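Numbering (my numbering), first residue to last: 334 to 731.
A quick write-up on the structure given underneath.
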């Protein structure tokens with residue numbers, strides 16, 4: 334009688350203490366990052382309203398120009414919905430649209446219809462190709478922006494000639510309007526256009542950059558002079574800050590696709606990330622040279638390896654793989670004994686005829702034995718192993 338030594342089982346799963354030890358550094362970093370983000374949000378949550386907001390005293394705000402206009406008798410009112418902006422259009426009002434590209438196609442069309450015959454002034458700040466063609470028909474935005482920010486007027490517009498050089502460099506425009514004033518050119522394309530209405534005293538001003546309206550840029554060059562003249566031509570200034578939450582203009586035309594909501598340059602950014610990921614994959618997958626064989630520190634007997642694999646198969650209930658391994662090994666050993674090349678040992682058309690001629694048995698039973706379906710239970714697997722051993726012994730019998 335033989336006895337089998339029982340080895341103590343060990344678990345490969347980490348304990349809760351080990352998991353905490355490994356993850357506590359990452360958890361601490363995440364907590365510090367969260368606390369820092371909350372602290373920054375609290376410190377910056379004072380009276381800040383955002384860029385181009387006449388209520389904001391931040392460097393990117395426009396409170397300074399609003400106060401200078403107030404000293405000259407121009408009252409400034411901030412609106413955030415399309416209904417308010419459309420209702421404010423009038424001959425004594427200047428309507429400034431801070432970020433025209435945030436408007437949907439339907440909103441752009443409705444806003445243009447509202448101020449077309451208002452005989453007032455409309456100022457579009459840094460309007461790109463997504464909005465300028467609807468808000469100012471006949472004007473096209475060039476895809477390439479100006480390389481210089483400070484430009485000379487080089488036009489006959491009195492406001493521009495009095496202001497002199499200003500920071501208008503940004504989006505560049507072309508127009509089909511013959512009566513338009515094209516000022517502050519950059520490589521022969523204007524960064525400020527004034528388009529008079531066909532009827533009445535109204536006009537539309539397209540400004541390529543918001544710099545002349547910002548608090549930290551107002552005292553540079555002729556920015557203050559140009560801003561006060563453009564915004565102070567009428568007693569009332571309506572400052573329209575488009576909002577993504579504005580539901581005043583709804584309809585099928587206002588629906589935006591996912592790609593319309595993505596910021597400009599996302600395609601190139603995604604391409605750069607893809608290239609970086611590909612380079613990182615190549616770097617991680619590169620081989621440093623041929624594999625170096627090493628001798629095992631301990632010689633393991635083949636019977637122990639077979640027993641260990643058998644236990645793994647049994648634990649995984651993988652009778653199909655175990656039966657396939659038994660049949661494949663048997664076919665490999667039987668092929669040379671029957672004159673069949675080893676390369677064709679797993680082909681029934683080559684192995685079975687030679688084996689049937691050698692044994693003079695039923696070819697159908699041999700096919701089921703060597704190439705049949707996997708056994709349904711452990712007893713059938715043991716019976717299969719016994720039959721394969723018996724077949725091999727019979728073939729080897731002289």
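Backbone N, C-alpha and C fix where the C-beta goes; we use that ideal spot for every residue, glycine too.
In this text, all values refer to a predicted model and were calculated from it rather than measured experimentally.
Are there 16 or more other CB atoms within 10 angstroms of the CB of residue i, so buried, or fewer, so exposed?
i	result
residue 674	exposed
residue 451	buried
residue 533	exposed
residue 601	exposed
residue 536	buried
residue 737	No answer is possible for residue 737: it lies beyond the span of the chain, which begins at 334 and ends at 731.
residue 412	buried
residue 365	exposed
residue 625	exposed
residue 367	exposed
residue 661	exposed
residue 523	buried
residue 363	exposed
residue 711	exposed
residue 645	exposed
residue 664	buried
residue 399	buried
residue 403	exposed
residue 579	buried
residue 670	exposed
Whole angstroms are fine: how far does the CA of residue j sit from the CA of residue i?
i	j	result
residue 391	residue 383	8 Å
residue 486	residue 528	16 Å
residue 715	residue 691	25 Å
residue 643	residue 679	22 Å
residue 426	residue 501	23 Å
residue 357	residue 554	55 Å
residue 503	residue 442	24 Å
residue 723	residue 707	19 Å
residue 713	residue 352	43 Å
residue 371	residue 432	28 Å
residue 457	residue 496	19 Å
residue 564	residue 603	40 Å
residue 552	residue 575	27 Å
residue 434	residue 463	6 Å
residue 489	residue 511	14 Å
residue 477	residue 540	15 Å
residue 628	residue 635	16 Å
residue 517	residue 610	43 Å
residue 414	residue 373	29 Å
residue 481	residue 388	29 Å
residue 424	residue 436	23 Å
residue 637	residue 668	27 Å
residue 514	residue 460	17 Å
residue 615	residue 647	39 Å
residue 687	residue 672	7 Å
residue 521	residue 469	20 Å
residue 538	residue 606	39 Å
Any idea which residues DSSP pairs residue i with across the strands?
i	result
residue 516	525
residue 572	411 and 429
residue 454	427 and 536
residue 472	508
residue 499	484
Less than 8 Å separating the Cβ of residue i from some heavy atom of the ligand ATP?
i	result
residue 483	You won't find the ligand ATP in this model; it holds no ligand whatsoever.
Within the same chain, show all residues whose beta-carbon is closer than 8 Å to that of residue i, passing over the 5 residues directly before and after it, in chain order.
i	result
residue 700	681 and 685
residue 727	692
residue 449	530
residue 406	568
residue 410	421, 569, 570, 571 and 572
residue 720	702
residue 473	462, 465, 466, 506, 507 and 508
residue 494	486 and 488
Output needed for residue i: all residues of its chain with C-beta closer than 6 Å, excluding positions within five of it in sequence on either side, in chain order.
i	result
residue 509	471
residue 499	545, 554, 555, 556 and 559
residue 386	394
residue 652	707, 708 and 714
residue 562	492
Flag residue i as yes if its beta-carbon sits less than 9 Å from any beta-carbon of chain D, otherwise no.
i	result
residue 370	Here chain D cannot be found, since the structure has a single protein chain.
Quick one: what's got a C-beta closer than 7 Å to residue i's C-beta in the same chain, skipping five residues either side?
i	result
residue 566	427 and 454
residue 717	656, 659 and 708
residue 419	443, 444 and 447
residue 550	500, 544 and 556
residue 342	Its pLDDT being 42, under 50, residue 342 is placed unreliably by the model, and nothing is read from it.
Which complete beta strand (DSSP E) runs does the region 616 to 678 hold, if anything under 3 residues is left out? none
Which runs of the alpha helix (DSSP H), 4 residues or longer, sit entirely within the region 677 to 727? For the region 677 to 727, whole alpha helix (DSSP H) runs of length 4 or above, ordered along the chain, are 681 to 692 and 696 to 704.
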